[in-house]
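Note that UniProt numbering has the sequence shown beginning at 1, numbered continuously upward. Don't be surprised by glycine CBs; every beta carbon is placed ideally from N, CA and C. Predicted model only: the values in this text are computed from it and were never measured. Heads up: the structure comes next, in structure tokens.
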Amino acid sequence: MGQTRDGTISLATGANTLTSAPDTDSTESPDIGDAGRVLIVVQNLPILIDHRTWQECQALRNQGYQVAVICPRGPGQRRHQIVDGVSIWTYRGAPRTQGVLSYVFEFGYCWVRTAVLSVAVARRHGFDVIQACNPPDTYWALALFYKPFGKKFVFDHHDLCPELYRSRFGKDGGLLLRALLLLERMNQRVADHVIVTNESYRRLALTRGRLPSERVTVVRNGPDPELMKPAAERPELRRGRQHLACYLGIMGPQDGVDRLLDAIHHYVHVLGRTDCAFALLGFGDCLDDLRKQSSRLGLDDWVEFTGRADDQMIRDYLSTATVGLSPDPRSPLNEVSTMSKTLEYMAYALPVVAYDLTETRVSAEDAAVYVPSDTVADFARTLAELLTDPDRRRTLGARGRERIVNELSWRYSEPRYVGVHDRLRGRQAGHPSIPVPRQGGLTRVSGSAAPVHATGSRERAER
1 MGQTRDGTIS LATGANTLTS APDTDSTESP DIGDAGRVLI VVQNLPILID HRTWQECQAL
61 RNQGYQVAVI CPRGPGQRRH QIVDGVSIWT YRGAPRTQGV LSYVFEFGYC WVRTAVLSVA
121 VARRHGFDVI QACNPPDTYW ALALFYKPFG KKFVFDHHDL CPELYRSRFG KDGGLLLRAL
181 LLLERMNQRV ADHVIVTNES YRRLALTRGR LPSERVTVVR NGPDPELMKP AAERPELRRG
241 RQHLACYLGI MGPQDGVDRL LDAIHHYVHV LGRTDCAFAL LGFGDCLDDL RKQSSRLGLD
301 DWVEFTGRAD DQMIRDYLST ATVGLSPDPR SPLNEVSTMS KTLEYMAYAL PVVAYDLTET
361 RVSAEDAAVY VPSDTVADFA RTLAELLTDP DRRRTLGARG RERIVNELSW RYSEPRYVGV
421 HDRLRGRQAG HPSIPVPRQG GLTRVSGSAA PVHATGSRER AER
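Now the structure itself:
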């Protein structure tokens with residue numbers, strides 16, 4: 001049941017996809033590392049559009065680990081291929097269905113496909129550690145199967161599935177919620193180490209999960225400020241208006257994009273502002289409904305839905321934009337989740353308009369303007385005030401860029417992540433970096449706004 005709150009996908013933090021691939025299944029071997037062998041399991045996204053997990057793969061490869069990944073198949077991908085020294089094994093995603101029971105079917109289907117492929121990986125390459133990235137919280141059972149063979153288990157806790165369920169379905173009790181809490185606890189109990197994305201998740205691991213502090217490590221998401229930075233503007237993207245406001249990310253039920261459209265309606269039709277164009281980059285379960293809502297609200301002349309966003313599109317829009325929009329509403333999940341879209345706006349030196357959520361404030365600090373209430377009218381008024389104050393926009397944007405460069409980029413998280421695997425292997429930290437040759441014929445596409453099937457289109461709590 002997931003984004004990341006990439007966001008995510010990832011979005012949201014700039015994810016990757018494959019646009020050309022070998023014509024046949026690869027028989028090539030991955031780069032052989034001397035540090036150890038890690039199998040990473042991802043269910044909710046193809047690995048190349050899961051920005052956080054792909055960064056983890058590259059971090060391990062650069063420190064001499066051999067890395068294999070099992071994940072759903074993305075556009076242009078084959079059953080097995082080598083990308084940047086990482087061995088990627090894929091399966092066809094679960095059929096798209098609706099409702100709570102669809103999650104049960106999806107999880108079961110993907111678990112079986114993953115288990116079968118894990119045997120293939122064990123026979124072809126071998127592995128010493130399994131790292132499972134949730135959602136869902138079911139791969140502790142696979143780890144239990146391999147534990148008697150001496151395999152370690154790392155749980156990379158991207159999403160709080162109980163909070164995701166409560167936020168998406170509005171239920172604070174019941175059998176399914178208890179089951180989700182049990183599954184989360186089993187992941188934590190079986191894991192040799194738990195990785196979490198922020199301090200809020202860490203506190204829950206220590207309290208609800210009753211884990212000792214030495215078994216939990218915070219590894220924050222973070223953009224690469226060398227790849228994500230302001231470039232040449234494209235004035236035509238403003239469509240004849242003075243300003244451009246952008247949303248970048250997954251469009252699922254709990255992301256607040258429907259409320260953002262209501263706020264845009266208030267901005268245009270109630271406040272009477274005609275100075276700003278709006279671009280919504282990405283897609284998800286709600287995209288079709290959002291397009292219809294935009295038309296009903298009379299916003300077709302103001303709002304552009306771009307669909308899937310690649311690196312260049314994201315660079316063009318965020319380099320041209322005046323402000324970045326983080327409309328995630330207050331909910332049990334959003335309150336404690338790191339919104340990767342917010343970090344990406346900051347990387348592009350954009351001021352951010354956001355609701356005042358705990359982890360959003362931790363990420364942005366004084367690089368954002370926080371809406372004083374949870375209403376769409378206040379969101380619209382806050383945006384209007386910011387667009388009339390260029391000095392404040394420059395100050396906020398510069399502060400956001402400064403925080404990314406000096407505090408929040410991935411290079412500050414990478415040593416903490418690799419250190420978890422080094423300790424499990426009894427390996428001294430600080431092993432010399434081993435360059436990884438890049439494969440030709442591949443183009444990465446950025447943006448956690450790129451789920452490709454039912455699994456991928458489910459929202460991720462770490463965005």
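Per DSSP, cross-strand counterpart(s) of residue i
i, result
"His157", "Val196"
"Trp89", "Ile70 and His80"
"Val303", "Phe278"
"Cys246", "Ala279 and Gly324"
"Val336", "For Val336, which the question treats as bridged, DSSP gives no partner whatsoever."
"Tyr65", "Gly36"
"Val42", "Cys133"
Residue i versus residue j - alpha carbon distance
i, j, result
"Leu333", "Gly174", "18 angstroms"
"Arg392", "Leu386", "7 angstroms"
"Ser26", "Asp84", "Low per-residue confidence applies at Ser26: pLDDT is 49, beneath 50, and the placement is therefore not dependable enough to give any value."
"Arg37", "Gly272", "59 angstroms"
"Leu442", "His51", "Unreliable positioning characterises Leu442 in this predicted model, as indicated by a pLDDT of 32, which lies under 50. The coordinate reading is nonetheless provided below. Whole-angstrom Cα-Cα distance: 16 angstroms."
"Asn406", "Arg399", "10 angstroms"
"Thr62", "Glu199", "Note on identity: in this sequence residue 62 is Asn, with Thr being the wrong assignment. Cα-Cα distance, rounded: 27 angstroms."
"Ser433", "Gly426", "Any answer about Ser433 is weak, because its pLDDT of 42 lies below 50 and its placement is not dependable; what the coordinates show is given next. Using only the alpha carbons, I get a separation of about 18 angstroms."
"Arg239", "His269", "18 angstroms"
"Gln58", "Ile404", "20 angstroms"
"Ser413", "Glu365", "19 angstroms"
"Ile250", "Met339", "11 angstroms"
"Glu163", "Ser326", "19 angstroms"
"Ala205", "Leu237", "44 angstroms"
"Pro225", "Ser118", "35 angstroms"
"Lys292", "Gly150", "53 angstroms"
"Val41", "Thr274", "47 angstroms"
"Glu106", "Glu233", "42 angstroms"
"Phe278", "Val323", "10 angstroms"
"Glu341", "Arg92", "Sequence inspection shows Lys at residue 341; the Glu mentioned does not correspond to that position. Distance between the alpha carbons of Lys341 and Arg92 is about 28 angstroms."
"Leu39", "Val67", "6 angstroms"
"Asp301", "Arg124", "55 angstroms"
"Ile82", "Leu181", "36 angstroms"
"Thr108", "Ser102", "Note on identity: in this sequence residue 108 is Gly, with Thr being the wrong assignment. Gly108 and Ser102: Cα-Cα distance of roughly 10 angstroms."
"Lys152", "Gly126", "13 angstroms"
"Leu299", "Cys286", "17 angstroms"
"Leu183", "Cys161", "9 angstroms"
"Asn202", "Val418", "The residue asked about is misnamed: residue 202 is Arg in this sequence, not Asn. Distance between the alpha carbons of Arg202 and Val418: 18 angstroms."
"Cys246", "Cys110", "34 angstroms"
"Ala21", "Arg416", "Because the pLDDT at Ala21 is just 39, under 50, the model does not fix this residue reliably, and the value given afterwards should be weighed accordingly. Going by the C-alpha atoms only, they are around 32 angstroms apart."
"Thr382", "Tyr267", "10 angstroms"
Nearest neighbour of residue i, chosen from the options [CA to CA]
i, options, result
"Ile314", "Asp288, Leu227 and Tyr267", "Leu227"
"Leu45", "Gln58, Trp54, Tyr65 and Cys71", "Cys71"
"Thr53", "Gly108, Arg210 and Pro223", "Pro223"
"Asp311", "Pro230, Arg79 and Arg215", "Pro230"
"Glu402", "Ala321, Leu237, Ser373 and Tyr348", "Tyr348"
"Asn187", "Phe169, Leu164, Asp172 and Asp159", "Asp159"
"Val420", "Asp156, Ala143, Asp34 and Gly150", "Asp156"
"Arg423", "Leu237, Val154 and Phe145", "Val154"
"Thr395", "Ile47, Val369 and Asp288", "Val369"
"Arg194", "Pro135, Gln131 and Trp89", "Note that residue 194 corresponds to Val in the displayed sequence, not to Arg. Nearest of Pro135, Gln131 and Trp89 to Val194, Cα basis: Gln131."
"Thr388", "Thr375, Asp192 and Pro351", "Pro351"
"Gln254", "Phe169, Glu304 and Arg381", "Phe169"
"His243", "Ala321, Arg208 and Leu60", "Ala321"
"Gln43", "Cys133, Arg96, Leu101 and Ile49", "Cys133"
"Asp192", "Tyr201, Asp128 and Gln66", "Asp128"
"Gly252", "Leu383, Gln55 and Asp289", "Asp289"
"residue 468", "Ser167, Leu318, Val190 and Ala35", "A query on residue 468 cannot be resolved here, the shown segment of the chain reaching from 1 to 463 and no further."
"Leu280", "Tyr317, Thr375 and Asp378", "Tyr317"
Short CB-CB distance (under 7 angstroms) between residue i and chain D
i, result
"Asp328", "The chain labelled as chain D is not found in the depicted structure, where only one protein chain is given."
Just list the alpha helix (DSSP H) runs in the segment 102-165, keeping only unbroken ones of 4 residues or longer that don't cross its boundaries, in chain order.
The segment 102-165 contains these whole alpha helix (DSSP H) runs: 140-146.
Could you say if the segment 356-364 and the segment 316-336 meet the contact criterion of at least three C-beta pairs nearer than 8 angstroms?
The answer is yes - the segment 316-336 touches the segment 356-364, with three or more Cβ pairs under 8 angstroms.
State whether the segment 316-334 contacts the segment 206-215, with contact taken as three or more CB pairs (one from each stretch) at a distance under 8 angstroms.
Contact between the segment 316-334 and the segment 206-215 is absent: fewer than three C-beta pairs spanning the two stretches fall below 8 angstroms.
Which ranges does the beta strand (DSSP E) cover as unbroken runs of at least 3 residues, wholly within the segment 346-418, from first to last along the chain?
You should have 352-355 and 368-371.
Quick check for students: name the residue ranges of the alpha helix (DSSP H) that lie wholly in the segment 190-243, counting only runs of 4 or more.
Entirely contained in the segment 190-243, the alpha helix (DSSP H) runs reaching 4 residues are, in chain order, 199-207.
Within 8 angstroms, do at least three Cβ pairs link the segment 102-117 to the segment 134-141?
With the cut-off at 8 angstroms, the segment 134-141 and the segment 102-117 touch.
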